[in-house]
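For the sequence shown, the residue numbers in the numbering used here are 6 to 351.
Heads up, the beta-carbon is just placed ideally off N, CA and C, and yes, glycines get one too.
Below is one structure, written out as C-alpha cells; comments come after it.
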Amino acid sequence: MTKPPPSSRGSDYAALSREVKQRGLLKRRPGYYSVKIGANLLLLAAGWTAFALIGSSWWQLLTAAFLAVMFTQTGFIGHDAGHHQISGSKRVNNLIGRVHADLLIGLSYGWWISKHNRHHAHPNHVDRDPDIADGAIAFTQDQARVRSGAYAWLGRHQAWLFFPMLLLEGLALHVAGVKAMLDRSGSRDSRTTKIAEAGMLTAHLVGYLTAVFWVLPPVQALCFIAVHQGLFGLYMGCSFAPNHKGMPMFAKDDKIDFLRRQVLTSRNIRGRRLTDFALGGLNYQIEHHLFPSMPRPSLRHAQELVRTFCARHDIAYHETGLIESYAQVLRHLHAVGGPLRPELEY
C-alpha cells in the first residue's frame with residue numbers, strides 16, 4: 006500500500022476547479038455529441054445491415070469484429086451519459102445511457118452506474134473500490150494469500166492470463182447486469198426503473214439471438230457470438246485496464262484529499278486524436294476523475310492546465326504510452342501473485 010500524503014489541502018482542488026470553469030471546459034458540447042451519437046448509430050446500423058446482406062458465410066466473423074468495435078464505442082457513449090457529460094438534463098442523460106447500454110449492447114446501465122460511481126468516489130481504495138474487489142483477478146497480495154485450489158493457480162499465473170481472460174469480460178458484464186435485474190431490493194421507484202431496464206435488456210437479448218440464429222446456421226452462429234462477444238470484452242478491458250491498475254493503492258481507512266486521491270491513483274495514456282477515439286477519452290483518466298462531468302472533447306484541453314497545476318503543487322502526474330501502460334499493469338499483477346508462487350522465485 007502507498008502511504009497517503011497529508012489530507013489538509015482540500016482547497017487545492019477548489020483553486021483548480023476555478024481555473025477549469027474560467028476556461029469554459031465544463032460547458033456542454035451538444036454539437037459534438039449530436040455528431041458523435043449520430044455517426045455511431047449509423048455505423049452500428051451499417052454493421053447489422055452488412056450482417057443481414059452477407060448472410061450465411063464465414064466472412065461474418067469480420068462483421069463480428071466490426072460490431073465488437075462498435076459495441077465498445079457505443080459503451081463509451083453510455084459512459085459519457087452516465088457522467089452527465091452530454092446534456093444538462095439528468096433525464097436526457099439517463100435516457101441516452103439506457104438506450105446505448107441496455108438496448109443497443111445489452112449491458113445494465115443501472116448496475117454499471119452504481120458500481121462506477123463507487124469506483125469514482127474511492128479509486129484504488131481497498132474494500133471501497135469495487136473495481137479492485139477480489140474476484141477472478143487478485144489486485145492485492147492480501148487477496149492472493151488467502152486463495153487456494155484453482156483460484157490459487159489462477160492468481161499465480163494471472164499476469165499471463167490477464168488478456169485471455171478479457172475475452173470473457175463481455176459475458177461477465179452481461180451476466181452481472183442480469184443478476185442486478187433479478188435483485189428485487191430497493192425502493193418502488195428503483196424497482197420500476199429496473200422493470201423498464203429489464204425490458205430493454207430482454208429486447209436486446211431476444212433481438213440479438215434471433216438475428217444471429219435466423220441468418221446463420223448453428224455452428225456459424227455460435228462462432229459469430231464467440232468472436233463478437235470475445236473481442237467486445239477484450240476491447241472494453243484493454244480500454245479500462247490502463248486507467249488505474251498498477252497505480253498507488255490505499256487502505257480503506259487512509260485519509261487523503263479529493264485532488265490527490267484522484268490524481269495519484271490514475272494513469273494517463275499519451276496519444277493523439279486516434280488514441281482519443283480508440284479509448285473513448287479514457288486516456289485522459291486524471292482529468293476525467295477530477296472532473297467526471299467534463300465533456301469528452303474538453304479533456305484534452307484541460308490536460309496541460311491540470312498537469313501544470315500538479316507540478317506547481319508537487320503532485321505526481323503519471324502519463325505513459327499505451328504499450329508501457331499494459332506492461333505496468335502486468336508487472337503489478339505478477340507481483341501481486343508473488344505469494345502464491347514457489348519460494349525459488351524470490
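- Task: Would you mind sorting L279 into buried or exposed? The rule is 16 or more other CB atoms within 10 Å of its CB.
- Result: Locating residue 279 in the sequence shown gives position 274, where the first residue counts as 1. So L279 ends up on the exposed side.
- Paired residues, beta bridge with I274 - DSSP: In the sequence shown, counting from the first residue as 1, residue 274 sits at position 269. Partner(s): T325.
- Task: Can you tell me the Cβ-Cβ gap for H233 and G111, rounded? I've got them flagged as a contact below 8 Å.
- Result: As a working mapping, residue 233 is identified with position 228 in the sequence shown. As a working mapping, residue 111 is identified with position 106 in the sequence shown. Contact doesn't hold; Cβ gap of about 11 Å is too wide.
- Buried or exposed for S113, please, with buried defined as at least 16 other CB atoms from any protein chain shown within 10 angstroms of its CB. Your numbering for residue 113 matches position 108 in the sequence shown. It counts as buried.
- Starting from V104, trace the alpha helix (DSSP H) both ways and give me its first and last residue. Position 99 of the sequence shown, counting from 1, holds the residue named residue 104. No alpha helix (DSSP H) contains V104, which DSSP labels as neither H nor E.
- Provide the residue(s) that pair with H130 in DSSP beta bridges, ordered along the chain. Translated into the one-based positions of the sequence shown, residue 130 becomes position 125. DSSP, once it has assigned bridges, lists F255 as partnering H130.
- Query: Is A51 closer than 7 Å to G83 when the C-beta atoms are compared?
  - Reply: By one-based count along the sequence shown, residue 83 stands at place 78. By one-based count along the sequence shown, residue 51 stands at place 46. Result no, Cβ atoms of G83 and A51 do not sit closer than 7 Å.
- When you compare each of M186, L66, A332, G212 to A201 by their alpha carbons, which one comes out closest? Residue mapping note: residue 201 aligns to position 196 of the sequence shown, counting from 1. It is M186.
- Message: Using 8 Å for Cβ pairs, my map puts A149 next to L335. What's the rounded Cβ distance?
- Response: By 1-based counting over the sequence shown, the position of residue 149 is 144. By 1-based counting over the sequence shown, the position of residue 335 is 330. About 15 Å; that fails the 8 Å criterion.
- Does DSSP put T207 in a helix, in a strand, or in coil? The residue labelled residue 207 in the question sits at position 202 within the sequence shown. Looking at T207 - three-state DSSP - the assignment turns out to be helix.
- Assuming D85 contacts R301 under a Cβ cut-off of 8 Å, what Cβ separation, rounded to an integer in Å, is found between them? On the sequence shown, residue 85 is found 80 positions in, with the first residue counted as 1. On the sequence shown, residue 301 is found 296 positions in, with the first residue counted as 1. That belief holds up - the Cβ atoms of D85 and R301 are roughly 6 Å apart, short of 8 Å.
- Query: What is the DSSP secondary structure of G29, counted as helix, strand or coil?
  - Reply: In the sequence shown, residue 29 corresponds to position 24, counting from 1. Three-state result, G29: coil.
- Query: By how many angstroms is the C-alpha of D319 removed from the C-alpha of G235?
  - Reply: As a first step, residue 235 is located in the sequence shown; it is residue number 230 there, counting from the start. As a first step, residue 319 is located in the sequence shown; it is residue number 314 there, counting from the start. Using only the alpha carbons, I get a separation of about 42 Å.
- Task: Whole angstroms is fine: what's the gap from V25's alpha carbon to K260's?
- Result: Here residue 25 refers to the residue found at position 20 when the sequence shown is read from its first residue. Here residue 260 refers to the residue found at position 255 when the sequence shown is read from its first residue. Approximately 25 Å, taken between the alpha carbons.
- Should S13 go down as buried or exposed, given a rule of 16 or more other Cβ atoms within 10 Å for buried? Residue 13 sits at position 8 when you count from the first residue of the sequence shown. For S13, the predicted structure reports a pLDDT of 46, less than 50, and the residue's modelled location is therefore unreliable. The matter cannot be settled from this model.
- Message: Assuming P35 is part of the alpha helix (DSSP H), what are its boundary residues?
- Response: Stepping through the sequence shown from its first residue, residue 35 is reached at position 30. Note, P35: alpha helix (DSSP H), 35 to 59.
- Is Q333 helix, strand or coil when you go by DSSP? To locate residue 333, count along the sequence shown from 1; it is residue 328. DSSP places Q333 in helix when its eight states are reduced to three.
- Residues in its own chain within less than 6 Å of P35 by CB, not counting five upstream and five downstream? Counting from 1 along the sequence shown, the entry for residue 35 is found at position 30. There are no such residues.
- Query: Would a C-beta distance cut-off of 7 Å place L269 and Y289 closer than the cut-off?
  - Reply: Within the sequence shown, numbered from 1, the residue matching residue 269 stands at position 264. Within the sequence shown, numbered from 1, the residue matching residue 289 stands at position 284. No, the pair does not count as a contact, with Cβ atoms beyond the cut-off.
- Tell whether a beta-carbon distance below 7 Å holds between R272 and M252. Along the sequence shown, one-based indexing puts residue 272 at 267. Along the sequence shown, one-based indexing puts residue 252 at 247. Closer than 7 Å, so yes.
- Task: Excluding the 5 residues preceding and the 5 following Q65 in the sequence, name in chain order all residues of the same chain whose CB lies nearer than 7 Å to its CB.
- Result: Along the sequence shown, read from residue 1 onward, the residue named residue 65 stands at position 60. If we look at Q65 and ignore the five residues flanking it on each side, its Cβ neighbours are F56, I59, L221, Q225, F229.
- Message: Helix, strand or coil, according to DSSP, for V183 in the structure here?
- Response: The residue labelled residue 183 in the question sits at position 178 within the sequence shown. In this structure, V183 counts as helix in the three-state DSSP scheme.
- Query: Can you give the beta carbon distance from R33 to G93, rounded, assuming they're within the 8 Å contact cut?
  - Reply: Looking up residue 33 in the sequence shown gives position 28. Looking up residue 93 in the sequence shown gives position 88. Yes, they are in contact, since the Cβ atoms of R33 and G93 sit about 6 Å apart, within 8 Å.
- Assuming I291 contacts L284 under a Cβ cut-off of 8 Å, what Cβ separation, rounded to an integer in Å, is found between them? In the sequence shown, counting from the first residue as 1, residue 291 sits at position 286. In the sequence shown, counting from the first residue as 1, residue 284 sits at position 279. Contact flag wrong, Cβ pair sits at about 13 Å.
- Item | Buried/exposed call for G342, threshold 16 Cβ in 10 Å | As a working mapping, residue 342 is identified with position 337 in the sequence shown. It is buried - the Cβ of G342 has at least 16 other Cβ atoms within 10 Å.
- Task: Examine the Cβ distances between the segment 153 to 164 and the segment 321 to 341 and report whether three or more of them are shorter than 8 Å.
- Result: yes
- Is the beta carbon of D134 less than 7 Å from the beta carbon of H127? Walking along the sequence shown from the start, residue 134 turns up at place 129. Walking along the sequence shown from the start, residue 127 turns up at place 122. A contact, by the Cβ cut-off of 7 Å.
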